[in-house]
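Comments concern the structure below.
In the working numbering, the protein residues as written are 779 to 1105.
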(Lines of atoms letter the chains of each structure in order from A and count residues from 1; the text may use other names and numbers.)
(Lines give C-alpha, C1' and ligand atoms only; values in the text may rest on other atoms or scores of the structure.)
Protein backbone atom coordinates (compact mmCIF):
# COMPACT_ATOMS: atom_id res chain seq x y z
CA UNK A 1 0.00 0.00 0.00
CA UNK A 2 1.18 3.51 -0.72
CA UNK A 3 0.04 7.11 -0.78
CA UNK A 4 0.68 9.80 -3.38
CA UNK A 5 -0.31 13.44 -3.16
CA UNK A 6 -0.93 15.65 -6.21
CA UNK A 7 -2.06 19.13 -5.31
CA UNK A 8 -5.00 18.75 -2.96
CA UNK A 9 -5.66 15.15 -3.96
CA UNK A 10 -4.22 12.35 -1.84
CA UNK A 11 -4.50 8.85 -3.26
CA UNK A 12 -4.20 5.59 -1.34
CA UNK A 13 -3.63 2.55 -3.53
CA UNK A 14 -3.31 -1.10 -2.63
CA UNK A 15 -3.23 -4.54 -4.19
CA UNK A 16 -6.02 -7.10 -4.02
CA UNK A 17 -5.60 -8.96 -0.75
CA UNK A 18 -3.84 -6.13 1.09
CA UNK A 19 -7.08 -5.07 2.76
CA UNK A 20 -9.35 -7.94 3.91
CA UNK A 21 -13.02 -7.89 2.95
CA UNK A 22 -15.07 -6.16 5.62
CA UNK A 23 -12.31 -3.76 6.66
CA UNK A 24 -13.06 -0.13 7.47
CA UNK A 25 -10.77 2.74 6.46
CA UNK A 26 -10.51 5.94 8.48
CA UNK A 27 -8.54 9.11 7.78
CA UNK A 28 -7.14 11.49 10.36
CA UNK A 29 -4.70 14.34 10.49
CA UNK A 30 -2.91 13.06 13.55
CA UNK A 31 -2.07 9.80 15.29
CA UNK A 32 -2.52 11.40 18.70
CA UNK A 33 -5.11 9.55 20.84
CA UNK A 34 -7.42 12.56 20.94
CA UNK A 35 -7.40 13.05 17.15
CA UNK A 36 -10.74 12.72 15.38
CA UNK A 37 -11.10 10.12 12.64
CA UNK A 38 -13.39 10.16 9.64
CA UNK A 39 -14.64 6.93 8.09
CA UNK A 40 -14.16 6.63 4.33
CA UNK A 41 -16.53 4.80 2.03
CA UNK A 42 -14.76 2.07 0.07
CA UNK A 43 -16.58 -0.53 -2.00
CA UNK A 44 -15.49 -4.17 -1.81
CA UNK A 45 -13.10 -4.96 -4.65
CA UNK A 46 -11.75 -1.43 -5.00
CA UNK A 47 -7.98 -0.91 -4.86
CA UNK A 48 -7.78 2.89 -4.80
CA UNK A 49 -9.36 5.83 -3.07
CA UNK A 50 -8.75 9.54 -3.54
CA UNK A 51 -9.17 12.06 -0.76
CA UNK A 52 -9.52 15.77 -1.53
CA UNK A 53 -7.83 17.62 1.31
CA UNK A 54 -5.44 20.47 2.07
CA UNK A 55 -4.59 18.96 5.45
CA UNK A 56 -1.03 17.93 6.25
CA UNK A 57 -0.26 15.24 7.13
CA UNK A 58 -2.97 12.62 6.60
CA UNK A 59 -2.94 9.11 8.04
CA UNK A 60 -5.12 6.22 6.92
CA UNK A 61 -6.08 3.65 9.55
CA UNK A 62 -7.37 0.31 8.28
CA UNK A 63 -9.52 -1.44 10.86
CA UNK A 64 -9.63 -5.14 9.98
CA UNK A 65 -12.39 -7.65 10.80
CA UNK A 66 -10.10 -9.58 13.18
CA UNK A 67 -9.74 -6.51 15.39
CA UNK A 68 -6.24 -5.54 14.27
CA UNK A 69 -5.44 -2.26 12.54
CA UNK A 70 -2.81 -0.89 10.18
CA UNK A 71 -1.69 2.72 9.70
CA UNK A 72 -0.48 4.14 6.38
CA UNK A 73 1.09 7.60 6.27
CA UNK A 74 2.53 9.97 3.70
CA UNK A 75 6.20 9.47 2.85
CA UNK A 76 6.64 13.00 1.49
CA UNK A 77 4.90 15.86 3.28
CA UNK A 78 4.91 18.98 1.06
CA UNK A 79 5.23 21.85 3.52
CA UNK A 80 5.18 25.41 2.17
CA UNK A 81 8.39 26.74 3.71
CA UNK A 82 10.43 23.58 4.18
CA UNK A 83 11.47 21.06 1.53
CA UNK A 84 12.46 17.41 1.82
CA UNK A 85 10.16 16.81 4.79
CA UNK A 86 9.60 13.06 5.08
CA UNK A 87 8.06 10.44 7.34
CA UNK A 88 10.43 7.48 7.77
CA UNK A 89 7.69 4.99 8.62
CA UNK A 90 6.44 2.07 6.56
CA UNK A 91 9.72 0.29 5.85
CA UNK A 92 9.87 -3.46 6.53
CA UNK A 93 12.86 -4.93 8.33
CA UNK A 94 14.62 -8.26 7.93
CA UNK A 95 12.29 -9.94 10.45
CA UNK A 96 9.15 -8.74 8.68
CA UNK A 97 8.31 -5.99 11.15
CA UNK A 98 7.40 -2.48 9.97
CA UNK A 99 8.59 0.95 11.09
CA UNK A 100 5.67 2.83 12.62
CA UNK A 101 4.38 5.82 10.70
CA UNK A 102 4.32 9.22 12.36
CA UNK A 103 7.27 8.69 14.72
CA UNK A 104 10.47 9.61 12.83
CA UNK A 105 10.59 12.68 10.62
CA UNK A 106 13.47 14.24 8.68
CA UNK A 107 13.72 17.53 6.77
CA UNK A 108 15.73 20.50 5.59
CA UNK A 109 16.11 23.67 7.67
CA UNK A 110 13.00 25.08 9.33
CA UNK A 111 13.79 28.79 9.06
CA UNK A 112 10.96 29.60 6.66
CA UNK A 113 8.14 27.57 8.19
CA UNK A 114 4.78 29.19 7.49
CA UNK A 115 1.92 29.27 10.02
CA UNK A 116 0.32 26.40 8.10
CA UNK A 117 3.59 24.43 8.36
CA UNK A 118 3.78 25.05 12.09
CA UNK A 119 0.20 23.84 12.38
CA UNK A 120 1.21 20.66 10.54
CA UNK A 121 4.08 20.02 12.97
CA UNK A 122 1.69 20.50 15.86
CA UNK A 123 -0.72 17.98 14.30
CA UNK A 124 2.14 15.49 13.99
CA UNK A 125 2.62 15.75 17.75
CA UNK A 126 6.37 16.26 17.42
CA UNK A 127 7.95 16.35 20.89
CA UNK A 128 11.44 17.54 20.02
CA UNK A 129 13.56 18.67 17.10
CA UNK A 130 17.24 17.80 16.67
CA UNK A 131 19.18 20.43 14.71
CA UNK A 132 22.35 18.89 13.24
CA UNK A 133 23.73 22.14 11.82
CA UNK A 134 26.79 24.06 12.92
CA UNK A 135 26.60 27.05 15.24
CA UNK A 136 27.37 29.43 12.36
CA UNK A 137 24.62 27.92 10.19
CA UNK A 138 22.09 28.36 12.97
CA UNK A 139 23.22 31.94 13.57
CA UNK A 140 22.71 32.73 9.87
CA UNK A 141 19.35 30.95 9.58
CA UNK A 142 17.82 30.28 13.00
CA UNK A 143 14.85 27.99 13.51
CA UNK A 144 11.61 29.47 14.83
CA UNK A 145 10.45 28.82 18.38
CA UNK A 146 7.60 26.33 18.20
CA UNK A 147 5.06 25.95 20.98
CA UNK A 148 5.36 22.74 23.01
CA UNK A 149 8.31 21.46 20.92
CA UNK A 150 11.84 21.23 22.33
CA UNK A 151 14.67 22.28 20.02
CA UNK A 152 18.06 20.67 20.69
CA UNK A 153 21.29 21.52 18.90
CA UNK A 154 23.50 18.46 18.42
CA UNK A 155 25.94 19.26 15.59
CA UNK A 156 27.25 16.50 13.34
CA UNK A 157 30.50 16.87 11.42
CA UNK A 158 31.70 19.98 13.27
CA UNK A 159 33.01 21.09 16.63
CA UNK A 160 30.32 21.81 19.20
CA UNK A 161 32.15 24.85 20.57
CA UNK A 162 32.90 26.43 17.22
CA UNK A 163 32.87 30.19 16.84
CA UNK A 164 29.81 32.06 15.60
CA UNK A 165 32.05 34.02 13.29
CA UNK A 166 31.94 33.15 9.61
CA UNK A 167 35.38 32.91 8.06
CA UNK A 168 35.87 33.82 4.43
CA UNK A 169 37.21 30.92 2.37
CA UNK A 170 38.27 30.39 -1.22
CA UNK A 171 35.61 28.49 -3.14
CA UNK A 172 36.88 26.54 -6.19
CA UNK A 173 35.38 27.17 -9.62
CA UNK A 174 36.01 23.62 -10.87
CA UNK A 175 32.97 21.38 -10.37
CA UNK A 176 35.20 18.28 -10.48
CA UNK A 177 36.54 18.93 -6.99
CA UNK A 178 33.18 18.73 -5.27
CA UNK A 179 32.39 15.03 -5.61
CA UNK A 180 35.62 13.97 -3.82
CA UNK A 181 34.90 16.64 -1.20
CA UNK A 182 31.51 15.07 -0.58
CA UNK A 183 33.14 11.71 0.03
CA UNK A 184 35.50 13.25 2.55
CA UNK A 185 32.57 14.95 4.30
CA UNK A 186 30.87 11.60 4.82
CA UNK A 187 34.03 10.19 6.37
CA UNK A 188 34.03 13.14 8.76
CA UNK A 189 30.39 12.50 9.70
CA UNK A 190 31.36 9.00 10.83
CA UNK A 191 33.73 10.57 13.36
CA UNK A 192 30.84 12.42 15.05
CA UNK A 193 30.40 9.59 17.52
CA UNK A 194 29.68 11.83 20.51
CA UNK A 195 26.89 13.60 18.64
CA UNK A 196 25.28 10.38 17.44
CA UNK A 197 25.58 8.89 20.94
CA UNK A 198 23.85 11.92 22.47
CA UNK A 199 21.00 11.64 19.96
CA UNK A 200 20.44 7.90 20.39
CA UNK A 201 20.72 8.06 24.18
CA UNK A 202 18.13 10.83 24.32
CA UNK A 203 15.71 8.93 22.08
CA UNK A 204 16.06 5.68 24.02
CA UNK A 205 16.16 7.14 27.53
CA UNK A 206 13.54 9.87 27.20
CA UNK A 207 11.27 8.01 24.75
CA UNK A 208 10.00 11.33 23.41
CA UNK A 209 8.34 10.52 20.12
CA UNK A 210 7.55 11.66 17.51
CA UNK A 211 10.77 13.53 16.77
CA UNK A 212 12.19 15.46 13.83
CA UNK A 213 15.83 15.83 12.84
CA UNK A 214 17.26 18.11 10.18
CA UNK A 215 20.32 19.93 8.86
CA UNK A 216 20.33 22.54 6.08
CA UNK A 217 19.32 20.47 3.04
CA UNK A 218 18.10 17.37 4.85
CA UNK A 219 20.56 15.37 2.76
CA UNK A 220 24.01 14.65 4.18
CA UNK A 221 24.09 14.87 7.98
CA UNK A 222 20.39 14.07 8.04
CA UNK A 223 20.99 11.26 5.55
CA UNK A 224 23.66 9.59 7.68
CA UNK A 225 21.60 9.85 10.88
CA UNK A 226 18.53 8.55 9.04
CA UNK A 227 20.54 5.62 7.72
CA UNK A 228 21.80 4.76 11.21
CA UNK A 229 18.29 4.93 12.66
CA UNK A 230 16.99 2.56 9.97
CA UNK A 231 20.02 0.30 10.36
CA UNK A 232 19.32 0.01 14.09
CA UNK A 233 15.82 -1.16 13.12
CA UNK A 234 17.36 -3.86 10.88
CA UNK A 235 16.09 -2.30 7.67
CA UNK A 236 17.95 -3.80 4.65
CA UNK A 237 20.75 -1.66 3.26
CA UNK A 238 19.09 -1.61 -0.18
CA UNK A 239 16.02 0.03 1.37
CA UNK A 240 18.18 2.49 3.33
CA UNK A 241 19.95 3.61 0.15
CA UNK A 242 16.63 3.99 -1.67
CA UNK A 243 15.29 6.17 1.15
CA UNK A 244 18.45 8.29 0.99
CA UNK A 245 18.00 8.80 -2.76
CA UNK A 246 14.53 10.32 -2.30
CA UNK A 247 16.31 13.60 -1.60
CA UNK A 248 17.30 13.88 -5.28
CA UNK A 249 13.90 15.29 -6.21
CA UNK A 250 14.91 18.37 -4.20
CA UNK A 251 18.30 18.95 -5.85
CA UNK A 252 17.23 22.34 -7.23
CA UNK A 253 16.05 23.45 -3.78
CA UNK A 254 19.40 22.40 -2.35
CA UNK A 255 21.26 24.35 -5.03
CA UNK A 256 19.27 27.40 -3.99
CA UNK A 257 20.45 27.00 -0.41
CA UNK A 258 24.02 26.63 -1.66
CA UNK A 259 23.85 30.01 -3.36
CA UNK A 260 23.43 31.58 0.05
CA UNK A 261 26.37 29.62 1.45
CA UNK A 262 28.58 30.68 -1.44
CA UNK A 263 27.73 34.31 -0.80
CA UNK A 264 28.43 33.96 2.92
CA UNK A 265 31.71 32.10 2.74
CA UNK A 266 33.14 33.94 -0.28
CA UNK A 267 32.25 37.29 1.20
CA UNK A 268 29.90 37.90 -1.72
CA UNK A 269 32.77 38.97 -3.95
CA UNK A 270 32.99 35.93 -6.20
CA UNK A 271 30.55 34.86 -8.89
CA UNK A 272 30.40 31.12 -9.43
CA UNK A 273 28.13 29.16 -11.74
CA UNK A 274 25.68 27.52 -9.36
CA UNK A 275 25.46 24.40 -11.51
CA UNK A 276 29.07 23.66 -10.52
CA UNK A 277 27.69 22.60 -7.16
CA UNK A 278 25.33 19.99 -8.62
CA UNK A 279 27.43 17.05 -7.23
CA UNK A 280 26.98 18.51 -3.76
CA UNK A 281 23.23 18.85 -4.23
CA UNK A 282 22.72 15.23 -5.23
CA UNK A 283 22.11 12.30 -2.91
CA UNK A 284 24.33 9.75 -4.61
CA UNK A 285 24.24 6.29 -3.01
CA UNK A 286 28.04 6.26 -3.34
CA UNK A 287 28.24 9.05 -0.75
CA UNK A 288 26.36 7.08 1.88
CA UNK A 289 28.28 3.94 0.97
CA UNK A 290 31.50 5.86 1.71
CA UNK A 291 30.21 6.43 5.23
CA UNK A 292 29.30 2.75 5.58
CA UNK A 293 32.73 1.72 4.27
CA UNK A 294 34.41 4.00 6.80
CA UNK A 295 32.41 2.37 9.59
CA UNK A 296 33.39 -1.09 8.35
CA UNK A 297 37.04 -0.05 8.04
CA UNK A 298 37.21 1.13 11.64
CA UNK A 299 34.78 -1.24 13.36
CA UNK A 300 34.27 -4.22 11.05
CA UNK A 301 30.62 -3.54 10.25
CA UNK A 302 27.93 -0.88 10.51
CA UNK A 303 26.32 -2.86 13.34
CA UNK A 304 29.64 -2.87 15.21
CA UNK A 305 29.95 0.90 14.70
CA UNK A 306 26.54 1.32 16.33
CA UNK A 307 27.45 -1.02 19.19
CA UNK A 308 31.13 -0.35 19.90
CA UNK A 309 31.39 3.20 18.59
CA UNK A 310 28.10 4.83 19.53
CA UNK A 311 27.41 2.47 22.43
CA UNK A 312 24.11 0.91 21.41
CA UNK A 313 23.97 -2.23 23.54
CA UNK A 314 21.68 -5.16 22.76
CA UNK A 315 19.30 -3.90 25.46
CA UNK A 316 19.23 -0.38 24.01
CA UNK A 317 18.61 -1.75 20.53
CA UNK A 318 15.73 -3.86 21.84
CA UNK A 319 14.19 -0.82 23.54
CA UNK A 320 14.49 1.27 20.38
CA UNK A 321 12.96 -1.46 18.24
CA UNK A 322 10.08 -1.90 20.69
CA UNK A 323 9.39 1.83 20.36
CA UNK A 324 9.61 1.98 16.59
CA UNK A 325 8.45 -1.35 15.12
CA UNK A 326 5.10 -3.07 14.80
CA UNK A 327 3.79 -6.28 13.30
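We put the beta carbon where it would ideally sit given N, CA and C, even for glycine.
Simplified DSSP assignment, three categories, for residue 830 = Here DSSP, grouped into helix, strand and coil, assigns residue 830 to strand.
message = At 4 residues or longer, what runs of the alpha helix (DSSP H) sit wholly inside the segment 905-931?
response = DSSP runs (the alpha helix (DSSP H)) wholly in the segment 905-931: 913-918.
Span separating the alpha-carbon of residue 1023 from that of residue 842 = Rounded to the nearest angstrom, the two C-alpha atoms are 33 Å apart.
query = Relative to the alpha-carbon of residue 789, which residue among 780, 870, 1008 and 875 has its alpha-carbon at the smallest distance?
reply = Looking at the Cα atoms, 780 is the closest of the given residues.
request  = Quick one: residues in its chain with C-beta nearer than 8 Å to the C-beta of residue 942, no 5 flanking neighbours on either side, listed in chain order?
outcome  = Note that residue 942 has pLDDT 41, beneath the 50 cutoff, so the model's placement of it is unreliable and the number below is only indicative. Cβ neighbours of residue 942 beyond the five flanking positions: 913, 914 and 917.
message = Taking the alpha carbon of residue 1003 as the reference point, which residue from 836, 901, 932 and 829 has its own alpha carbon closest?
response = Closest by alpha carbon: 932.
query = Just curious, the beta strand (DSSP E) that residue 882 is in, first and last residue?
reply = Residues 882-885.
inquiry  = In whole angstroms, give me the CA-to-CA distance for residue 1034 and residue 1053.
reply    = Spanning the alpha carbons of residue 1034 and residue 1053 requires a straight line of approximately 10 Å.
request  = Report the option in 881, 792, 1028 and 1102 whose CA atom is closest to the CA atom of residue 840.
outcome  = Selected option, being the one with the closest Cα: 792.
request  = Would you kindly check if the distance between the Cβ of residue 847 and the Cβ of residue 888 is under 8 Å?
outcome  = Inclusion of residue 888 and residue 847 in the CB contact set at 8 Å is not warranted, their separation being larger than that value.
request  = Please determine, among 1037, 995 and 1000, the residue with the shortest C-alpha to C-alpha distance to residue 860.
outcome  = Residue 995 is the option with its Cα nearest to residue 860.
key: Beta-carbon proximity check, residue 807 vs residue 833, cutoff 8 Å   = Yes.
message = Just list the residues that DSSP pairs residue 865 with in beta bridges.
response = Beta-bridge partners of residue 865 (DSSP): 883.
ask   = residue 828: buried (16+ other C-beta within 10 angstroms of its C-beta) or exposed?
value = By the 10 Å Cβ count, residue 828 comes out exposed.
inquiry  = If contact is defined by three or more beta carbon pairs under 8 Å, each pair taking one atom from either stretch, is the segment 888-902 in contact with the segment 872-879?
reply    = Output reads no: the segment 888-902 does not touch the segment 872-879.
task = Just the C-alpha distance for residue 993 and residue 909, rounded to the nearest angstrom, thanks.
result = Taking the straight line from one Cα to the other gives about 6 Å.
request  = Classify residue 1025 as helix, strand or coil using the three-state DSSP reduction.
outcome  = It is helical.
inquiry  = Let me check one thing: in DSSP terms, what residues is residue 849 bridge-paired to?
reply    = The partner list for residue 849 (beta bridge, DSSP) reads 839.
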